[in-house]
Amino acid sequence: QVQLQQSGAELVKPGSSVKISCKASGYTFTSYDMHWIKQQPGNGLEWIGWIYPGNGNTKYNQKFNGKATLTADKSSSTAYMQLSSLTSEDSAVYFCARSVAYWGQGTLVTVSS
Amino acid sequence: DVVLTQTPPTLSATIGQSVSISCRSSQSLLHSNGNTYLNWLLQRPGQPPQLLIYLVSRLESGVPNRFSGSGSGTDFTLKISGVEAEDLGVYYCVQSTHAWTFGGGTKLELK
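If you're matching them up, the sequences are chains A and B in order. Using our numbering, read the first sequence as starting at 141 and increasing by one per residue. Using our numbering, read the second sequence as starting at 130 and increasing by one per residue.
This is the structure in structure tokens:
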């Protein structure tokens, strides 16, 4: 069955970067887009972008251009999202999702000095 | 960019009551391949969202048939025919015709 296992919670300082992971299993990793979604505390869902691991193509929500960078490692079936120049506005739970049907458990990123 | 307007933001219901949630899109969600990629999710506290309805009206496997979806073009509705306690949480519509966009969410709570 499709499973997406995300990396653990991160506490990071303002101005720094963080890279979170999403390890996929139960399907052919290179054949499906992987999406990333942001959810700030008490707020709704916001689409960040997707990556197609088969060829590395990406598409971003314009709002996240320069903030998020999506990559994928075919050898380990793992997708990554790096967030840069972190501020308190980046404190959120981040989900990976392979289609709307399959979601990771979420990774909490807290930006605090 | 597509904007999804979801109403109401909050819904109070008693057990057994039927309720509906509306999702309106700023542009048609009909894809050139003939499919309309409008989906409904439920997010319970502390959990990732789970898929309830895809392609407007198709029930995801394992989802109770008290959930139903309808609509076309830009106007869509999720109906719960007889709310149960396990249905409480936040409902989101999400379109995947033009990249992805989420509605603002509807919190279903007990009256």
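Yeah, the Cβ is synthetic: ideal placement off N, Cα and C, and Gly gets one too.
By alpha-carbon positions, which one of the options ends up nearest to residue i?
{"i": "residue 146 of chain B", "options": "B:232, B:213 and B:218", "result": "B:213"}
{"i": "residue 231 of chain B", "options": "A:210, A:176, A:221 and A:213", "result": "A:176"}
{"i": "residue 150 of chain B", "options": "B:187, B:169, B:175 and B:227", "result": "B:169"}
{"i": "residue 81 of chain B", "options": "B:226, B:211 and B:229", "result": "The shown model of chain B, from 130 to 240, leaves out residue 81 of chain B, and the question about it has no answer."}
{"i": "residue 159 of chain A", "options": "A:146, A:170, A:253 and A:196", "result": "A:146"}
{"i": "residue 240 of chain A", "options": "B:208, B:209 and B:184", "result": "B:184"}
{"i": "residue 221 of chain A", "options": "A:154, A:215, A:205 and A:229", "result": "A:205"}
{"i": "residue 161 of chain A", "options": "A:252, A:253 and A:248", "result": "A:248"}
{"i": "residue 242 of chain A", "options": "B:160, B:227 and B:176", "result": "B:176"}
{"i": "residue 136 of chain B", "options": "B:226, B:225, B:201 and B:208", "result": "B:208"}
{"i": "residue 186 of chain B", "options": "B:203, B:171 and B:166", "result": "B:166"}
{"i": "residue 215 of chain B", "options": "B:193, B:130, B:139 and B:159", "result": "B:193"}
{"i": "residue 178 of chain B", "options": "A:244, A:251, A:253 and A:213", "result": "A:244"}
{"i": "residue 217 of chain A", "options": "A:232, A:174, A:149 and A:203", "result": "A:174"}
{"i": "residue 167 of chain A", "options": "A:149, A:179, A:182 and A:143", "result": "A:143"}
{"i": "residue 158 of chain B", "options": "B:218, B:234, B:220 and B:205", "result": "B:205"}
DSSP three-state label for residue i, please.
{"i": "residue 130 of chain B", "result": "coil"}
{"i": "residue 216 of chain B", "result": "helix"}
{"i": "residue 203 of chain A", "result": "helix"}
{"i": "residue 156 of chain A", "result": "coil"}
{"i": "residue 213 of chain A", "result": "strand"}
{"i": "residue 171 of chain A", "result": "helix"}
{"i": "residue 257 of chain A", "result": "What the structure shows of chain A is the stretch from 141 to 253, and residue 257 of chain A is not part of that stretch, so it cannot be assessed."}
{"i": "residue 147 of chain A", "result": "coil"}
{"i": "residue 252 of chain A", "result": "coil"}
{"i": "residue 151 of chain B", "result": "strand"}
{"i": "residue 165 of chain A", "result": "strand"}
{"i": "residue 141 of chain B", "result": "strand"}
Going along chain B, which residues have a C-beta under 8 Å from residue i?
{"i": "residue 244 of chain A", "result": "177"}
So which residues of chain A does residue i contact, with C-beta pairs closer than 8 Å?
{"i": "residue 168 of chain B", "result": "240"}
Using a cut-off of 9 Å between C-beta atoms, extract the partners of residue i located in chain A.
{"i": "residue 180 of chain B", "result": "239, 240, 241, 242 and 243"}
Check the Cβ of residue i against every Cβ in chain B and list those closer than 7 Å, keeping chain order.
{"i": "residue 199 of chain A", "result": "228"}
- Residues in the segment 189-208 of chain B having any Cβ partner in chain A nearer than 8 Å: 189
- Mind checking the segment 153-186 of chain A against chain B and listing, in chain order, the residues whose C-beta falls within less than 9 Å of any C-beta there? 175, 177, 179, 183, 184, 185 and 186
- Considering only residues of the segment 162-226 of chain B, which uninterrupted alpha helix (DSSP H) runs meet the minimum length of 4 residues and lie entirely inside it, listed in chain order? none
- Anything in the segment 213-239 of chain B with a Cβ closer than 7 Å to a Cβ of chain A? List those residues in chain order, please. 221, 223, 225, 228, 229, 230, 231, 233 and 234
- Query: What residues from the segment 218-238 of chain A come within 7 Å of chain B, judged by C-beta to C-beta, listed N to C?
  - Reply: 235
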